[in-house]
Amino acid sequence: NLRFYAEEEGKPRGLAEDATKEEKDAAKKALKEGPQKEFVKKLASLGDCYVNDAFGTAHRKHASTYLIAKYFPNDKMFGYLMEREVKAIAAVMENPARPFCAIIGGSKVSSKIGVIKALIEKCDSIVIGGGMTYTFAAAQGGKVGKSICEPDMFPVALEILELAKQKGVKLVMSPDALIADDFSQNANTKTAPANDIPDGWEGVDIADEGKKAFREHILGCKTILWNGPVGVFEIDKFATGSKEVALAIAEATKNGAYSLIGGGDSVACVNKFGLADQVSYISTGGGALLEYIEFGDLPGVAAIRD
């Protein structure tokens, strides 16, 4: 409920719609230098010690998750959930058992650039799935029909391919796709090469060859990070690829691998297929987890450690 107060996020309200950047910056500065400071001080006065147990908001420099910690120089700590989250990330990012594989799905390359680049520095391999696949395919000259695609990200996709090559990190993508002529449960579907999708059709999931390749790769890994489904899992007929990934992770975990699942959609996948108790750890943070991976820390975590 703290976000009902403008002081929590430090974002001024009531500005005119046509306010200039200078006016917005001035309003933000005035809020932070006056009301927000008083707000934080008032929050801090309510307790003798400060416990942050909200990993899902630890990537925000908000009053209650970051600024307040300085009022408790000696009496601040992680809650049990936050402690588990930090330990789980450390298990995959600081000293992972090898081979270490990250499975990164989702629709847009633009939202995962920093994370993929950070993982290239840490992983032995990265499995790329979801809508991102088609931006990578098109960037290399492939045809992707009406699939999700970001032409302005082509240079970035090619840069990532080159960077992975330089670092010796294997990028695994599905050679085939389940394609549909409509974004619905009643759509007509068929299989096509992921880089040769006909006009009027769109990629909605990995197909048989991709399922086989992803499964074999996952089973060969000792540390697995999964963020983002590999298809439109919300629609049952487009969810089989994500289910195969979840099953492979569960099997690898049973065989001794450490698996960390993060991000709302990946967690929803694991829950949908009844596999939540068959992976090592399910993170409560989506954006927080990704920012931790990308930047190596989070404001809310650093505020407790400092």
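Under the numbering used here, the first residue of the sequence shown is numbered 8, with each subsequent residue one higher. C-beta atoms are modelled at their ideal positions from N, C-alpha and C, and glycine is treated no differently. These numbers come from a predicted model, not from an experiment.
Asp206 in three-state terms, based on DSSP: Reading the sequence shown from its first residue, position 199 is the one you call residue 206. Coil.
Span separating the alpha-carbon of Leu170 from that of Ala199: Position 163 of the sequence shown holds residue 170. Position 192 of the sequence shown holds residue 199. Within the model, the alpha-carbon separation for Leu170 versus Ala199 is close to 28 Å.
6 Å Cβ shell around Leu296 - same chain, five flanking residues per side excluded: Along the sequence shown, one-based indexing puts residue 296 at 289. Here Leu296 has Gly269 and Ser290 as same chain residues with Cβ atoms under 6 Å from its own Cβ, once five neighbours each way along the sequence are excluded.
Contact under 7 Å by Cβ, Val47 with Ala70: The sequence position of residue 47 within the sequence shown is 40, counting from 1. The sequence position of residue 70 within the sequence shown is 63, counting from 1. It is a contact, given that the beta carbons lie within the stated cut-off.
Collapsed DSSP secondary structure at Tyr87 in the structure displayed: Residue mapping note: residue 87 aligns to position 80 of the sequence shown, counting from 1. Correct three-state label for Tyr87: helix.
Phe302: first and last residue of the uninterrupted beta strand (DSSP E) it sits in: For this step, residue 302 is matched to residue 295 along the sequence shown. Here Phe302 belongs to no beta strand (DSSP E); instead the alpha helix (DSSP H) covers Gly294 to Phe302.
Backbone secondary structure at Asn278 - three-state DSSP: As a first step, residue 278 must be located in the sequence shown, where it is residue number 271. Three-state result, Asn278: helix.
Residue from Met139, Gly175 and Lys31 whose Cα sits closest to the Cα of Ala23: For this step, residue 23 is matched to residue 16 along the sequence shown. With distances taken between Cα atoms, Ala23 lies closest to Lys31.
Met273 (DSSP reduced to helix, strand or coil): Along the sequence shown, read from residue 1 onward, the residue named residue 273 stands at position 266. Per the sequence shown, residue 273 should be read as Ser rather than Met. Helix.
Reduced DSSP secondary structure (H/G/I, E/B, other) of Val317: Residue 317 lies beyond the stretch modelled for the chain, which goes from 8 to 313, so this question has no answer here.
Residue ranges of each alpha helix (DSSP H) within the region 26-76, 4 or longer: Taking only runs of at least 4 residues, the alpha helix (DSSP H) segments lying wholly in the region 26-76 are 28-40 and 42-51.
Straight-line Cα distance separating Gly136 from Ala255: Position 248 of the sequence shown holds residue 255. Position 129 of the sequence shown holds residue 136. Going from the Cα of Ala255 to the Cα of Gly136 covers about 15 Å.
Beta-carbon proximity list for Gly63, same chain, < 7 Å, skipping 5 on both sides: Residue 63 sits at position 56 when you count from the first residue of the sequence shown. Closer than 7 Å at the Cβ level, and outside the excluded window around Gly63, lie Thr291, Gly292 and Ala295.
Coarse secondary structure for Ala259, derived from DSSP in three states: For this step, residue 259 is matched to residue 252 along the sequence shown. Residue state, collapsed to three classes: helix.
Same chain only: Cβ atoms within 7 Å of Asp188, ignoring 5 sequence neighbours per side: Taking the sequence shown and counting its residues from 1, one reaches residue 188 at position 181. Its chain contains Ala194, Asn195, Gly207 and Trp208 as the residues whose beta carbon lies nearer than 7 Å to that of Asp188, once the 5 sequence neighbours on both sides are disregarded; these appear in chain order.
Cβ-Cβ distance between Ile123 and Trp233 below 7 Å: By 1-based counting over the sequence shown, the position of residue 123 is 116. By 1-based counting over the sequence shown, the position of residue 233 is 226. Cβ atoms of Ile123 and Trp233: not closer than 7 Å.
Between the CA atoms of Asp313 and Pro158 - distance to the nearest angstrom: As a first step, residue 158 must be located in the sequence shown, where it is residue number 151. As a first step, residue 313 must be located in the sequence shown, where it is residue number 306. Rounded to the nearest angstrom, the gap between the Cα atoms of Pro158 and Asp313 is 42 Å.
Paired residues, beta bridge with Pro200 - DSSP: Counted from its first residue, the sequence shown places residue 200 at position 193. Paired residue(s): Asp183.
Assigned secondary structure, Leu305 (DSSP; H/G/I helix, E/B strand, else coil): Working through the sequence shown from its first residue, we reach residue 305 at position 298. In the structure shown, Leu305 adopts coil according to DSSP, grouped into three states.
Between the CA atoms of Tyr87 and His224 - distance to the nearest angstrom: One-based indexing of the sequence shown puts residue 224 at position 217. One-based indexing of the sequence shown puts residue 87 at position 80. His224 and Tyr87 have their C-alpha atoms roughly 33 Å apart.
Assigned exposure category for Gly54 - 16 Cβ within 10 Å defines buried: Position 47 of the sequence shown, counted from the start, is the residue given in the question as residue 54. When all chains shown are included, Gly54 counts as exposed.
Own chain partners of Leu282 with C-beta closer than 6 Å, once the 5 adjacent residues on each side are dropped: The sequence position of residue 282 within the sequence shown is 275, counting from 1. Counting only Cβ-Cβ distances below 6 Å, and skipping sequence neighbours, we find Ala253 and Ala257.
Cα-Cα separation between Asp183 and Phe143, rounded to whole angstroms: Against the sequence shown, residue 183 aligns to sequence position 176. Against the sequence shown, residue 143 aligns to sequence position 136. When rounded, the distance between both Cα atoms is 13 Å.
Local Cβ density within 10 Å of Ala104, reported as buried at 16 or more and exposed below that: Locating residue 104 in the sequence shown gives position 97, counting from the first residue. Looking at its Cβ environment, which holds fewer than 16 other Cβ atoms inside 10 Å, Ala104 is exposed.
Under 7 Å between C-beta atoms of Ala59 and Ile300: The sequence position of residue 59 within the sequence shown is 52, counting from 1. The sequence position of residue 300 within the sequence shown is 293, counting from 1. Checking the sequence shown, residue 59 turns out to be Asn, not Ala. In this structure, the beta-carbon distance from Asn59 to Ile300 does not fall below 7 Å.
Secondary structure of Ile242, DSSP reduced to three states: Against the sequence shown, residue 242 aligns to sequence position 235. Ile242: coil per DSSP, three-state reduction.
Where Phe79 falls: helix, strand or coil (DSSP): Walking along the sequence shown from the start, residue 79 turns up at place 72. Of the three classes helix, strand and coil, the one that applies to Phe79 here is coil, per DSSP.
Continuous beta strand (DSSP E) stretch holding Leu232: start and end: Looking up residue 232 in the sequence shown gives position 225. Looking at the DSSP string, the run of the beta strand (DSSP E) that includes Leu232 is Thr230 to Asn234.
Distance between beta carbons of Gly235 and Ile213, contact taken as under 8 Å: Sequence index remark: in the sequence shown, residue 213 carries index 206 (1-based). Sequence index remark: in the sequence shown, residue 235 carries index 228 (1-based). Not really, about 13 Å apart at Cβ, beyond 8 Å.
Asp159, DSSP secondary structure in three states: Taking the first residue of the sequence shown as 1, we reach residue 159 at position 152. Residue state, collapsed to three classes: helix.
Whether Thr230 touches Phe85 by CB criterion (7 Å): Taking the sequence shown and counting its residues from 1, one reaches residue 230 at position 223. Taking the sequence shown and counting its residues from 1, one reaches residue 85 at position 78. No, the Cβ-Cβ distance between Thr230 and Phe85 is not below 7 Å.
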